[in-house]
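Counting from 1 along the sequence shown, just add 5 to a position and that's the residue number in full-length UniProt numbering.
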Amino acid sequence: GPQVVKFVYDFTEGNKDLKDLLGGKGANLAEMTNLGLPVPPGFTITTDACKVYLDSGEEPAALRDEVSAHLETLEQRMGKRLGQHDDPLLVSVRSGAKFSMPGMMDTVLNIGLSDASVEGLARQAGDERFAWDSYRRLIQMFGKTVLGVDGELFEDALEEAKAAKGVTVDTDLDAADLKKLVKGFKKTVRTEAGRDFPQDPREQMDLAVKAVFESWNGDRAKLYRRQERIPHDLGTAVNICSMVFGNLGPDSGTGVAFTRDPASGQQGVYGDYLSNAQGEDVVAGIRNTVALADLEQLDKVSYDQLMQIMETLENHYKDLCDIEFTIERGQLWMLQTRVGKRTAGAAFRIATQLVDQGLIDEAEALQRVTGAQLAQLMFPKFDEDAKVDKIGRGIAASPGAAVGKAVFDSYTAIKWSRSGEKVILIRRETNPDDLDGMIAAEGILTSRGGKTSHAAVVARGMGKTCVCGAEELEVDTKRRRMTAPGGIVIEEGDVVSIDGSTGKVYLGEVPVVPSPVVEYFEGRMHAGADDADELVAAVHRVMAYADRVRRLRVRANADNAEDALRARRFGAQGIGLCRTEHMFLGERREYVERLILADTDEEREQALDRLLPLQKRDFVELFEAMDGLPVTVRLLDPPLHEFLPDITELSVRVALAESRKDANENDLRLLQAVHRLHEQNPMLGLRGVRLGLVIPGLFAMQVRAIAEAAAERRDAKGDPRAEIMIPLVGTVQELEIVRDEAEQVIDEVQRAAGLDLKLSLGTMIELPRAALTAGQIAEAAEFFSFGTNDLTQTVWGFSRDDVEASFFTAYLEKGIFGVSPFETIDKDGVGALVRAAAEAGRATRPDLKLGVCGEHGGDPESVHFFHEVGLDYVSCSPFRIPVARLEAGRAAS
Ligand code: ADP
Ligand code: MG
Ligand code: MG
């Protein structure tokens, strides 16, 4: 027969693994039902039904009958019919998507009440006040979320009713007051929505279901999904759940609970309870809640049962759960549970606690934490004990803790920071013109825009602290001031502190403390704060799990001994990229200038001879710091003009000197050289291997410095393991020529020293042509290191220095990509080339060593990709090493 799609599932039919179909709430209600926990009976309309509705504007044809059938079963079970006048069954209609979107979509309680059934409910419960309270809540919620009436109209009327009576809390309103309120609410609905509040219970239910479907595409929900990178096509399920009542008097109430502290991971009793209340009351702050522990005094039986259930849930989900519950006249009901959100620190603690409890194994523990959480724990933090003056909160766009003087334009940011001031750049939103100011600032604060706004994208790219979209802060750039709620005015120069991990904004300087996790990696962790010790112990254990299983090795990008030593402390297993350009700066620039200006071989050799011992000394130190571990040294890569004076500055200097008739011979030659070397597009110009081929003796000098440094270390009984890397190769011929020259030099040094230095020679793969001819290139290379920064630039044709700040925001907003390809490797394009090149290279040379040294080496998602492709190692900045180790472990477990 024809395939029948099932659109409705009873709570007894589902389970926790059906989140795609039933949403998180529905799947977990079903799971709890099947665990035998007290869940009010009900059923779930699937996300498939929602998708049909959103695509076609109509509910699927079969839905109405299916809902009728499930409703009838429910009515039979409860022994009353929906909205039945003398004894009404009431239900809630609750949204619930696959991923929890707190407060983003709609729920309506008390469906089934009408002018007639409210009387029946009052008689049945023996409580008139309760019935009318429930009815006014229904009209209020239904009016707002289903009929689109401005919710404030209802809230204002409620306030007025309390004021008229001279009371402050809703529970002080009696049945007569509430009856009057209901009358007013119904009138408001009629005038505002142009229709009467529906008296037919099924019509109420059907309209509420549609409203929930539609809330998937509400502005709030869409914005939230964009920020959280939740796909837009999942749709929401709808749960129809028979009502239980926490507003039936003092022996009733409603609450929320966590099976552990979501902030610390500590086991215990965490939550809030409010008696004589319904639904959101407990989180809405309408009356003061009590701590969950106090429930023990109020209702010991329910409390004990709740504790029992919490234990059952933890053992079942093997994780922290959060819970919504209601007590109706001493009877406990479970209304929701899910694996709860937690802070980064709690994630690590909970993972190890669960291992200790025998609930999960080490591999599972690795899945319970992320590299992003570890990175968060490594940022310096505001001192939690400090007295703070919070003035607002925005979106946590780029983590870190930044303190500085408020400035409202880029020019001032640059000017002040040049004179040594720390500044926070505050804008309504940023645009490419603000880039220099953003670089100069300690942190960036905006009042508009979300996680994909210009400010957020650029700040994350720069690793700079950013809070964006702090809407309650009014930024007035013209008058150089910002106004916070309560009329607090922040003028230019006032100190502010921003927390990019929480989005919080403070007035004044909040003291910053180093992260205990970094102190631990640095080997400086001293006992003291117990809390920090526990966190560090958990991180230590999880890192050990990761190191045990990971297959990828992790190296550091480091250019000097100091960075190399730090990288080692952080767990680096070598250096994957030592850039040599920094070794040509400072006082050595003079010799580089001479090298470039040399007219004769002799002059050139002289300049190189001066550079050689300096380079050698750098390498000796580096090899010593990384003794016993591989160090990949990249020969000079950037265009030479980077070592020469700026063309404009030099032109002006020469012109001025000429006008005074005292032009200096050297400046004139320099200017000529600058003109000669000037390129329209230096990144695609004379750089990398091309320098080695065009400037005689340059690469040979570098190779000699490396070889002699290695020989010196060996004489000192060290274990240097140098690897020489040639950048920007496009064809194997380039590599062969440079390689022959290098081998000659190495031979010479080895013969002189009487040693086999075991140097290996390899290349970067950072041009599409290199990737496409990797099979040939591997003939001349003992290793490949994928330079994914340049490879991304050249595969996409994106200039990294320009595009992120100019049009990436637009690209992200249009969904062309979800994240910058410079941040996370573009698997389909750049990644495909990496995969193919790795395979072709290994086909030629099975023992070819493969690594990656772009920024992607420290990016969690990219690390997983490199694991999958079968690379041997990733290399990243020293600070990212723990993240890469953890993610490599997660990828392998
Ligand atoms: P959200 O997803 O925003 O938490 P819910 O669907 O969970 O929305 O419901 C909102 C509030 O109403 C919650 O406090 C919930 O516990 C309560 N609630 C939902 N359904 C019922 C019901 N059948 N009986 C009593 N309270 C309910
Ligand atoms: Mg809820
Ligand atoms: Mg490069």
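Ideal Cβ positions, reconstructed from N, Cα and C, are used throughout, including at glycine.
Quick caveat, the model's predicted, so the values are computed rather than measured.
- The stretch 759 to 776 and the stretch 415 to 429 do not touch, with fewer than 3 CB-CB distances between them shorter than 8 angstroms.
- In this structure, residue 809 places its C-beta atom within 8 angstroms of the C-beta atom of residue 463.
- In the displayed model, residue 685 falls within coil according to three-state DSSP, outside both helix and strand.
- Residue pairing by DSSP puts residue 728 in a beta bridge opposite 637 and 765.
- A Cβ-Cβ contact shorter than 8 angstroms links residue 408 with residue 502.
- By the C-beta criterion, the stretch 233 to 249 is judged not to be in contact with the stretch 118 to 130, since fewer than 3 inter-stretch pairs fall below 8 angstroms.
- Secondary structure within the stretch 124 to 166: the alpha helix (DSSP H) runs of 4 or more consecutive residues, fully enclosed, are 133 to 146 (chain order).
- Pairing residue 175 with residue 150 gives a Cβ-Cβ distance that is not under 8 angstroms.
- In the DSSP assignment, residue 464 falls within the unbroken alpha helix (DSSP H) covering 459 to 467.
- Taking the CA atoms as reference points, residue 67 sits about 28 angstroms from residue 90.
- Taking C-beta atoms under 8 angstroms as the contact rule, residue 634 and residue 579 qualify, at a distance of about 4 angstroms.
- Partner residues in a beta bridge of residue 565, as assigned by DSSP, do not exist.
- Nearest C-alpha to residue 350 among 540, 325 and 511: 540.
- Taking the Cα of residue 466 as reference, the smallest distance to any Cα among 813, 385, 604 and 105 is reached at 813.
- Apart from the 5 residues on each side of it in sequence, residue 162 sits with its Cβ closer than 8 angstroms to the Cβ of 186, 189, 190 and 193 in its chain, given in chain order.
- Neighbourhood of ligand 2, defined by CB distance below 6 angstroms to any of its heavy atoms: 329 and 341, in chain order.
- Here the alpha carbons of residue 46 and residue 20 stand approximately 14 angstroms from one another.
- Distances from the CA of residue 269 to each of 504, 708, 455 and 345 were compared; the closest alpha carbon is that of 345.
- Between the alpha carbons of residue 452 and residue 481 lies a distance of about 10 angstroms.
- Residue 831 carries a coil assignment under DSSP once its states are collapsed to helix, strand and coil.
- At a cut-off of 7 angstroms, the beta-carbon of residue 248 counts as near ligand 1: some heavy atom of the ligand is closer than that.
- Bounds of the alpha helix (DSSP H) holding residue 214 are 206 to 220.
- Note on geometry: alpha-carbon atoms of residue 237 and residue 217 lie some 15 angstroms from one another.
- Checking the 7 angstroms criterion, the Cβ of residue 142 is out of range of every heavy atom belonging to ligand 1.
- Judged by DSSP in its simplified three-state form, residue 50 adopts strand.
- Three or more beta-carbon pairs drawn from the stretch 783 to 790 and the stretch 852 to 859 are found closer than 8 angstroms, and the two stretches are therefore classed as touching.
- For residue 621, the enclosing alpha helix (DSSP H) starts and ends at 606 to 630.
- Rounded to whole angstroms, the separation of the alpha carbons of residue 702 and residue 741 is 16 angstroms.
- Put simply, the backbone Cα of residue 508 is about 5 angstroms away from that of residue 398.
- In this structure, the beta-carbon distance from residue 515 to residue 384 does not fall below 8 angstroms.
- Annotation: the stretch 228 to 271 contains the following complete segments of the beta strand (DSSP E) (minimum length 3 residues), in chain order: 241 to 247 and 258 to 265.
- Ligand 1 approaches residue 283 closely enough that one of its heavy atoms is under 7 angstroms from the residue's Cβ.
- The beta-bridge partner set that DSSP reports for residue 15 consists of 48.
- In the three-state reduction of the DSSP assignment, residue 733 falls in the coil class, being assigned neither a helical nor a strand state.
- Taking C-beta separations shorter than 7 angstroms and ignoring five residues to either side along the sequence, the partners of residue 717 in its chain run 625, following chain order.
- Taken through DSSP and simplified to helix, strand or coil, residue 481 comes out as strand.
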